[in-house]
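K.L.:
Going by the numbering used here, the sequence shown opens with residue 4, and the numbers climb by one from there.
First the structure, which I've put down as structure tokens, then a few questions once you've had a look.
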Amino acid sequence: MKVLGIESSCDETGVAVYDTALPGAAGLRAHAVYSQVALHAGYGGVVPELASRDHVRKLLPLVRQTLSGAGLGVGDLDGVAYTAGPGLVGALLVGAAVARSLAWALEVPAIGVHHMEGHLLAPLMEDDPPVPPFVALLVSGGHTQLVAVDGIGRYRLLGETLDDAAGEAFDKTAKLMGLPYPGGPQLAALAEQGRAGAYRFSRPMTDRPGLDFSFSGLKTQVLLAWQQSDRSAQTRADIARGFEDAVVETLAIKCERALDAAGSDVIVVSGGVGANRRLRARLQEMAAARGGRACFPRPALCTDNGAMIAFAGALRLAAGQHDGLEINAVPRWDMATLPPVAAAA
Ligand code: KG4
Ligand code: ZN
């Protein structure tokens with residue numbers, strides 16, 4: 004089954020074709036992402052109305068480009084998947100309207116995909132995929148969640164952030180240190196030059212039991228350190244390293260606790276922060292030490308993309324699930340309310 008996937012929940016337009024007849028990574032026939040970063044950079048954050056308008060401009064050309072990259076015509080598609088939420092409602096509506104209309108015209112089924120389920124399942128697109136049950140860490144700009152995955156579509160929330168998401172903490176910390184938007188990846192790059200231990204920030208909420216996170220206090224600690232520092236290039240890198248180590252260590256401690264709680268040794272990680280090199284290394288080390296493994300998508304599929312939507316949609320469509328003719332866009336959506344996918348569970 005060849006499924007077109009469309010992602011437009013925030014500031015990236017993503018399109019992909021996933022073919023369920025081919026195994027693992029080979030199933031991804033083509034994918035393309037157009038990032039709006041330059042459009043929003045001057046505002047220091049995403050401007051929802053500008054995001055929607057840019058999706059309108061970029062989506063159809065990207066669909067054509069992706070289909071031609073896959074060597075397919077629209078008539079070859081067996082289904083269309085799109086991000087139905089959570090996200091910016093205007094941005095979601097662009098993808099939903101195009102996807103639903105295309106499916107209607109082609110007389111193929113369409114399905115609205117939960118953006119975070121897309122992230123969660125992205126590691127399963129790679130070769131040698133993990134098989135549920137496992138624990139998933141979702142770390143993006145809007146979410147930080149630990150989820151027990153009992154099967155595809157069978158998710159139990161184990162813990163989540165009480166304030167800032169991990170990616171949000173990276174972005175806000177980068178901003179207060181004067182790095183341009185979006186700061187997360189730039190802060191991570193800066194940390195590469197930093198010395199471990201030169202600055203030590205706390206590992207929030209690791210001194211008590213539980214699987215919830217809190218990252219907002221960390222940026223205040225960094226702000227104080229930054230204000231009191233000499234602001235030299237080396238100090239900047241050292242502070243970035245101290246911050247990154249604090250986030251990575253906190254996530255690693257909670258992941259290990261979540262594995263203990265779920266009785267599992269497999270941690271699956273995705274979302275934008277999953278592209279972080281040090282987080283990948285640390286979680287791999289933690290999982291290997293207990294005889295398990297940490298699974299990530301390739302870095303390009305950690306951040307928002309159409310491939311994860313095509314893949315998650317394909318699993319559900321292949322199991323016979325699909326939406327009605329209405330156009331769905333839901334800004335808030337609890338992943339625990341998703342129906343299970345019986346065939347893959
Ligand atoms: O999943 P994503 O692309 O979009 C959302 O659904 O939010 O995640 C974007 C987030 C941003 O906060 C960005 O700063 C962060 O992921 N991010 C990183 C890295 N690459 C992206 N944070 C730390 N290290 C990175 N290498
Ligand atoms: Zn995302």
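Ideal Cβ positions, reconstructed from N, Cα and C, are used throughout, including at glycine.
Start and end of the alpha helix (DSSP H) containing aspartate 349?
P.N.:
The requested residue 349 is not part of the displayed model; the chain covers only 4 to 348.
K.L.:
Would you mind stating whether leucine 179 and serine 217 have Cβ atoms separated by less than 7 Å?
P.N.:
Translated into positions along the sequence shown, residue 179 becomes position 176. Translated into positions along the sequence shown, residue 217 becomes position 214. No.
K.L.:
On the CB-based measure, 16 or more other CB atoms within 10 Å of its CB, does alanine 243 come out buried or exposed?
P.N.:
For the purposes of this step, residue 243 is identified with residue 240 of the sequence shown, where counting begins at 1. That one is buried.
K.L.:
Quick one: Cα of leucine 124 to Cα of valine 66, how far?
P.N.:
For this step, residue 124 is matched to residue 121 along the sequence shown. For this step, residue 66 is matched to residue 63 along the sequence shown. Near 22 Å, if we compare the C-alpha coordinates of valine 66 and leucine 124.
K.L.:
Suppose you measure from the CA of cysteine 258 to the CA of valine 269; what does that come to, to the nearest Å?
P.N.:
The count along the sequence shown starts at 1 and reaches residue 258 at position 255. The count along the sequence shown starts at 1 and reaches residue 269 at position 266. Whole-angstrom Cα-Cα distance: 10 Å.
K.L.:
Please name the residue in Glu247, Val101, Gln196 whose C-alpha comes closest to that of alanine 172.
P.N.:
The sequence position of residue 172 within the sequence shown is 169, counting from 1. The candidate whose alpha carbon is nearest that of alanine 172 is Glu247.
K.L.:
Flag phenylalanine 246 as yes when its Cβ comes closer than 6 Å to any non-hydrogen atom of ligand 1, and as no otherwise.
P.N.:
Numbered from its first residue, the sequence shown carries residue 246 at position 243. The answer is no for phenylalanine 246.
K.L.:
Can you check whether the CB of cysteine 13 is closer than 7 Å to the CB of glycine 115?
P.N.:
Locating residue 115 in the sequence shown gives position 112, counting from the first residue. Locating residue 13 in the sequence shown gives position 10, counting from the first residue. Not closer than 7 Å, so no.
K.L.:
For histidine 43, does the three-state DSSP call read helix, strand or coil?
P.N.:
By one-based count along the sequence shown, residue 43 stands at place 40. DSSP places histidine 43 in helix when its eight states are reduced to three.
K.L.:
Between Arg32, Gly98, Leu96, His118, which has its C-alpha nearest glycine 76's C-alpha?
P.N.:
In the sequence shown, counting from the first residue as 1, residue 76 sits at position 73. Considering only alpha carbons, the answer is Arg32.
K.L.:
On a Cα-Cα basis, can you pick out the residue from Trp336, Pro342, Ala284 that is closest to glycine 88?
P.N.:
For the purposes of this step, residue 88 is taken as residue 85 along the sequence shown, with counting starting at 1. Nearest of Trp336, Pro342, Ala284 to glycine 88, Cα basis: Trp336.
K.L.:
Using three-state DSSP, classify glutamine 196 as helix, strand or coil.
P.N.:
Taking the first residue of the sequence shown as position 1, residue 196 is located at position 193. Coil at glutamine 196, not helix or strand.
K.L.:
Kindly indicate the opening and closing residues of the alpha helix (DSSP H) around serine 11.
P.N.:
Locating residue 11 in the sequence shown gives position 8, where the first residue counts as 1. Where serine 11 is concerned, there is no enclosing alpha helix (DSSP H), given that its DSSP letter is neither H nor E.
K.L.:
Give the DSSP-derived three-state secondary structure of glycine 76 in the structure shown.
P.N.:
In the sequence shown, the residue the question calls residue 76 occupies position 73. DSSP places glycine 76 in coil when its eight states are reduced to three.
K.L.:
Any beta carbon from chain C within less than 7 Å of threonine 340's own beta carbon?
P.N.:
This model lacks chain C altogether; it includes just one protein chain.
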